[in-house]
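Novice: Start counting the sequence shown at 0; every next residue gets the next number (numbering that gives the first Met the number 0).
Every residue gets a Cβ at the ideal spot worked out from N, C-alpha and C, and that includes glycine.
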Amino acid sequence: MNGWVVEVGGAELLEGLDPRKVRAIEGIDPLACHVPATVIELGQWVAAYYCCPLGVTLPSLVPAAVRRGVGTKSIKFVELAVSPAETPRGLSPRQRAVISTLERRTSADGPIALESLRVEAGLATAAAIESLARRGVVTVTEQSTVQAKWREHSLPGSAEEVTLSTDQGRVVQSIGRSIGGGFSTHLLRGVTGSGKTEEYLRLIRRVLAEGRSALVLVPEIALTPQTTGRLLARLPGQSVAILHSGLTEAQRHEQWRAASQPGAKVVIGARSAVFAPIPDGELGLIVVDEEHDSSYKQDQAPRYHGRDTAIRRAQLARCPIVLGSATPSLESWHNAVDRLNSHLHELPGRAPGLSTPTVRIVDFRAEQRQWKDKRVHLIGPTLHRELERTLAAGRQAIVLLNRRGYANWVACGAGGACEWRATCDRCDAPLVVHRLREGAGASRSFVRCHHCLQELRLPKECPQCRGKVSVFGLGTQRVEDEMGRLFPALLAEGAMQRVDSDTMESSLHFHTALGRFASGQCRVLLGTQMIAKGLDFPGVGLVGVISADTSLHMPDFRAAERTFQLVSQVAGRCGRGSGGGVAVVQTFAPDAPAIVRAAAQDFVGFATEELAQRAAHRLPPAWRMARIVVRDQLEGGAADAADALANGLRGLPTSSNCRILGGSPCPIARINELYRSQVEVMAPGAAQLSALLTDARDRSLLHLGERMAVDVDPLSML
Ligand code: ADP
Ligand code: ZN
Ligand code: ZN
């Protein structure tokens, strides 16, 4: 059995352990990799804080590719084993050529690779070298290195230097002062387009100049190739390691090894790069870009949050950490404004040369009344006019709908009493219509469950009353159809691209699509939140939001926060060049505070109101939360187990200040034939929550595994 060395010491380490459970170390795995002590310590913190067994947590510190040694090549080196006087007689001319090549080398040259030796000695094969090795005249040693094949992995950025604005300079100065001064947390709230990437870059350069390394976390990097490209272009000649899921296994291994090398460097990566093996004592700065992004939270055990784990890492490394966002999470905002353990820095205006976008909220109920036909329309007259104007002016547009597929509502259209709706037979979830193009304008529809991913035929008639089936609702494919009808020229020129996880099978597809948009070949990007993040294209004059309501009515206390973030972020994609920018936001809820505040770009107003609500309802971030989900084949089994757990928790003395909600069915009460019930634990602070969970673990109330999952600081409430 493989294990991990987490601590080295004497007999005292065995104290309190059952001797029958202790094994002697038999040997060291030849593929064993060295993880810095602070990273092991970070792993121990993750295991304790996120309630995950250490044995499950430790393997996630190191990519599987590294543990398996993918891409390792061994290189053979050759050295003379005897002095010139001892060289045996009767050697063949080829063998003599090898010996004399080796003798010409000085000790400063070091060992020579077998391949180079063969070439230098003018030999066609290595047979002569091998026979000398067998006779003990030369020694051959093997060393392993990792080499990966590379392809362009990021969008190239501009290498041009810019002059910082007064605001930008002030923020770099004030955060910069803490470099080298131990642990500190900084929240950088800068509106979209305020030049946060530029700020990170200046801070990173300072750290490198002091001979220390910087760690930059970005949301799922395959989706943010532009940020990476821009940083790379501005750090020429620096060593940079990149760690993300879009890499091949061998590349990941190679980059991990590069990160572990001593010396000043920049490591850029997605969530799991928080565990990058930067040697102890070398880390000088951590940056978490778009710190509010939910892709920082891992949705399987260990369910850690990359940002919060990064804060812990900065503490262990005694270095500053900068959290940047235009729409900070309420957790980070709360820490910065209420608790004073985090410093707040603000960039209130856009960078020089950018204009502030005008955001127009469009009441879609009023727009709908303007149509005379009965057709479903997703693009209202206002957005239609703005699209025409933008395209006529030769500018580009981004159209967002945060929902994949064609339509999300398949139901009986016979009217009358029948209320049939197509739902998944394995999940408590509706089926979503997707279309498959089959060339020559033909397409075929099918339905898919977005939870268990099974695909079925679109029913032709209602299974209950044999009436006709109707398809309602919206999805990016339907918007694509309508855009094609409204702007046939775009289709003909291939100047419109749909970007969602159905069309973008790999990060390469996404890079190609963004590349075509950057070059102007593509005029309209249409897609899900994939296009709402981080994009910086000066040609974008218009952003259209098909429906701001997709996340507004989710059974999740963060629904308003998510809506605010999505609308603010996507609106921020326009007005980055000359000519200004307009965002048109279609909604059925034009008065919803999240939408009104996002349109007014009033983060502080939104956050203040929302935080007060959360505090009043004793929800995060005012309170701390853990969610425990119990799964069972039987509905009653899940419900009973959740009830028993809730009652058990209520009986613990450590729960006296806490609130235990449930057991109750999860909002999605069944996924993949398993019933799901939940218990929500609310504690007034992190310490109380942690004490309660530890207590529950010690008393075996929590059995982590297939049937029970514990999520501390959960982001998903479904
Ligand atoms: P954010 O990440 O805050 O949305 P970006 O870092 O994307 O902002 O910056 C927006 C754009 O403004 C980028 O193209 C960037 O190169 C440019 N920019 C930033 N600062 C300056 C400056 N001081 N002068 C000129 N251009 C700048
Ligand atoms: Zn399903
Ligand atoms: Zn029916």
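Which partner residues of serine 212 appear in the DSSP bridge assignment?
Specialist: Counted from its first residue, the sequence shown places residue 212 at position 213. Answer is Leu282, bridged to serine 212.
Novice: Hey, would you say histidine 252 sits closer than 7 Å to valine 69, going by beta carbons?
Specialist: Taking the first residue of the sequence shown as 1, we reach residue 252 at position 253. Taking the first residue of the sequence shown as 1, we reach residue 69 at position 70. Yes.
Novice: Decide yes or no for the touch test of the segment 432-451 against the segment 387-401: beta carbon pairs closer than 8 Å, at least 3 of them.
Specialist: Flag = no, the segment 432-451 and the segment 387-401 do not touch.
Novice: Taking the alpha helix (DSSP H) that tyrosine 48 belongs to, which residues open and close that run?
Specialist: For the purposes of this step, residue 48 is taken as residue 49 along the sequence shown, with counting starting at 1. Tyrosine 48 -> alpha helix (DSSP H) spans 36-48.
Novice: Where do the N-terminal and C-terminal ends of the alpha helix (DSSP H) with arginine 103 fall, by residue?
Specialist: Taking the first residue of the sequence shown as 1, we reach residue 103 at position 104. Start and end: 92-103.
Novice: Taking the CB atoms as reference points, tell me whether serine 212 and glutamate 281 lie closer together than 7 Å.
Specialist: Your numbering for residue 212 matches position 213 in the sequence shown. Your numbering for residue 281 matches position 282 in the sequence shown. Yes, these two residues count as a Cβ contact at 7 Å.
Novice: Buried or exposed: glutamine 632, going by 16 or more other Cβ atoms within 10 Å of its Cβ?
Specialist: Position 633 of the sequence shown, counting from 1, holds the residue named residue 632. It is exposed - the Cβ of glutamine 632 has fewer than 16 other Cβ atoms within 10 Å.
Novice: Any heavy atom of ligand 1 within a distance shorter than 6 Å of the CB on lysine 195?
Specialist: Within the sequence shown, residue 195 is the residue found at index 196, counting from 1. Flag set: Cβ of lysine 195 near ligand 1.
Novice: Should lysine 371 be labelled buried (16 or more other beta-carbon atoms within 10 Å of its own) or exposed?
Specialist: Working through the sequence shown from its first residue, we reach residue 371 at position 372. Flag for lysine 371 reads exposed.
Novice: Leaving out five residues on either side along the sequence, give the residues of the same chain with a beta carbon under 7 Å from the beta carbon of threonine 100.
Specialist: Position 101 of the sequence shown, counted from the first residue, corresponds to residue 100. The residues are Leu116, Glu119 and Ala120.
Novice: Just tell me which of Leu457, Ala350, Leu524 and Ala593 has its CA closest to the CA of histidine 552.
Specialist: For the purposes of this step, residue 552 is taken as the residue at position 553 of the sequence shown. Closest by alpha carbon: Ala593.
Novice: Touching or not, the segment 643-659 and the segment 354-370, by the rule of three or more beta carbon pairs under 8 Å?
Specialist: They do not touch, by the three-pair rule.
Novice: Give the list of continuous alpha helix (DSSP H) stretches no shorter than 4 residues that lie fully inside the segment 153-191.
Specialist: Runs found: 165-175.
Novice: Are isoleucine 667 and valine 542 touching if we call contact CB-CB under 7 Å?
Specialist: For this step, residue 667 is matched to residue 668 along the sequence shown. For this step, residue 542 is matched to residue 543 along the sequence shown. Not closer than 7 Å, so no.
Novice: For the alpha helix (DSSP H) that contains glutamine 237, what are its first and last residues?
Specialist: Residue numbering aside, residue 237 sits at position 238 when the sequence shown is read from its first letter. Where glutamine 237 is concerned, there is no enclosing alpha helix (DSSP H), given that its DSSP letter is neither H nor E.
Novice: Counting only the same chain and skipping the five closest in sequence on each side, list residues whose C-beta sits under 6 Å from that of serine 294.
Specialist: As a first step, residue 294 is located in the sequence shown; it is residue number 295 there, counting from the start. Pro218 and Glu219, listed in sequence order.
Novice: Using a strict less-than 7 Å threshold between each residue's beta carbon and the heavy atoms of ligand 3, what residues do you get?
Specialist: Going along the chain, the residues that qualify are Cys411, Ala413, Cys417, Trp419, Cys461, Gln463, Cys464 and Gly466.
Novice: Using only the alpha-carbon positions, how far apart do isoleucine 174 and glycine 194 sit?
Specialist: Within the sequence shown, residue 174 is the residue found at index 175, counting from 1. Within the sequence shown, residue 194 is the residue found at index 195, counting from 1. Their Cα atoms are separated by approximately 15 Å.
Novice: Could you round the C-beta distance between arginine 623 and alanine 685 to whole angstroms and report it? I think they count as a contact, below 8 Å.
Specialist: As a working mapping, residue 623 is identified with position 624 in the sequence shown. As a working mapping, residue 685 is identified with position 686 in the sequence shown. Yes, arginine 623 and alanine 685 are in contact; Cβ-Cβ is about 5 Å, under 8 Å.
Novice: Residues in the same chain with beta-carbon distance under 7 Å from serine 183, minus the five sequence neighbours each way, listed in chain order, please.
Specialist: Residue mapping note: residue 183 aligns to position 184 of the sequence shown, counting from 1. Here the set comprises Ser177, Pro319 and His342.
Novice: With DSSP run on the structure shown, which of helix, strand or coil describes glycine 194?
Specialist: On the sequence shown, position 195 is the one that residue 194 refers to. Here glycine 194 sits in coil by DSSP.
Novice: From aspartate 548 to alanine 588, what distance separates their C-alpha atoms?
Specialist: Reading the sequence shown from its first residue, position 549 is the one you call residue 548. Reading the sequence shown from its first residue, position 589 is the one you call residue 588. Answer to the nearest angstrom: the Cα atoms are 7 Å apart.
Novice: Can you list, in chain order, the residues of its chain with a C-beta nearer than 7 Å to that of leucine 700? Leave out the 5 residues immediately preceding and following it.
Specialist: On the sequence shown, position 701 is the one that residue 700 refers to. Within the same chain, leucine 700 has close Cβ partners Leu644, Gly647 and Leu648.
Novice: Could you tell me how far apart the beta carbons of threonine 308 and valine 45 are, in whole angstroms, since I believe they sit closer than 8 Å?
Specialist: For the purposes of this step, residue 308 is taken as residue 309 along the sequence shown, with counting starting at 1. For the purposes of this step, residue 45 is taken as residue 46 along the sequence shown, with counting starting at 1. Indeed, because the Cβ distance is near 6 Å, the residues count as touching under 8 Å.
Novice: Jot down the residue ranges of each uninterrupted beta strand (DSSP E) in the segment 373-403, minimum 3 residues, whole runs only, in chain order.
Specialist: Whole beta strand (DSSP E) segments, 3+ residues: 395-399.
Novice: With a threshold of 6 Å, establish whether the CB of alanine 531 neighbours any heavy atom of ligand 1.
Specialist: Translated into the one-based positions of the sequence shown, residue 531 becomes position 532. Alanine 531 Cβ: outside cutoff for every heavy atom of ligand 1.
Novice: Using the beta-carbon count (16 or more within 10 Å), is glutamate 197 buried or exposed?
Specialist: In the sequence shown, counting from the first residue as 1, residue 197 sits at position 198. Under this definition glutamate 197 is a buried residue.
Novice: Short check: CB of proline 35 to CB of proline 327, under 7 Å?
Specialist: Here residue 35 refers to the residue found at position 36 when the sequence shown is read from its first residue. Here residue 327 refers to the residue found at position 328 when the sequence shown is read from its first residue. Not in contact: proline 35 and proline 327 (Cβ atoms no closer than 7 Å).
Novice: Exposed or buried, valine 711, counting other C-beta atoms within 10 Å across all chains shown (16 or more means buried)?
Specialist: As a working note, residue 711 is residue 712 in the sequence shown. By the neighbour-count rule (16 or more Cβ atoms within 10 Å), valine 711 is buried.
Novice: Among residues of its own chain, excluding the 5 on either side of glycine 519, which ones have a beta-carbon nearer than 8 Å to its beta-carbon?
Specialist: Residue mapping note: residue 519 aligns to position 520 of the sequence shown, counting from 1. Once the five neighbours on either side are set aside, the close Cβ partners of glycine 519 are Gln395 and Gly538.
Novice: Relative to ligand 1, is the shortest distance from any of its heavy atoms to the C-beta of glycine 192 smaller than 6 Å?
Specialist: Reading the sequence shown from its first residue, position 193 is the one you call residue 192. Correct: glycine 192 has its Cβ closer than 6 Å to ligand 1.
Novice: Apply the 10 Å Cβ neighbour rule to aspartate 535 and answer buried if 16 or more other Cβ atoms are within range, or exposed otherwise.
Specialist: As a first step, residue 535 is located in the sequence shown; it is residue number 536 there, counting from the start. Aspartate 535 is buried by the Cβ-count criterion.
Novice: Could you give the uninterrupted runs of the beta strand (DSSP E) lying entirely in the segment 405-437, keeping only those of 3 residues or more?
Specialist: With a minimum length of 3 residues, the continuous beta strand (DSSP E) runs that stay inside the segment 405-437 are 408-411 and 431-436.
Novice: How is tyrosine 199 classed by DSSP in three states: helix, strand or coil?
Specialist: Along the sequence shown, read from residue 1 onward, the residue named residue 199 stands at position 200. Of the three classes helix, strand and coil, the one that applies to tyrosine 199 here is helix, per DSSP.
Novice: Determine the closest residue to threonine 562 out of Gly578, Arg575, Val584 and Gly580, with distance taken between C-alpha atoms.
Specialist: Here residue 562 refers to the residue found at position 563 of the sequence shown. If we check each option's Cα against that of threonine 562, Val584 comes out closest.
Novice: Going by DSSP, name the residue or residues bridged to alanine 112.
Specialist: Taking the first residue of the sequence shown as 1, we reach residue 112 at position 113. The partner list for alanine 112 (beta bridge, DSSP) reads Phe76.
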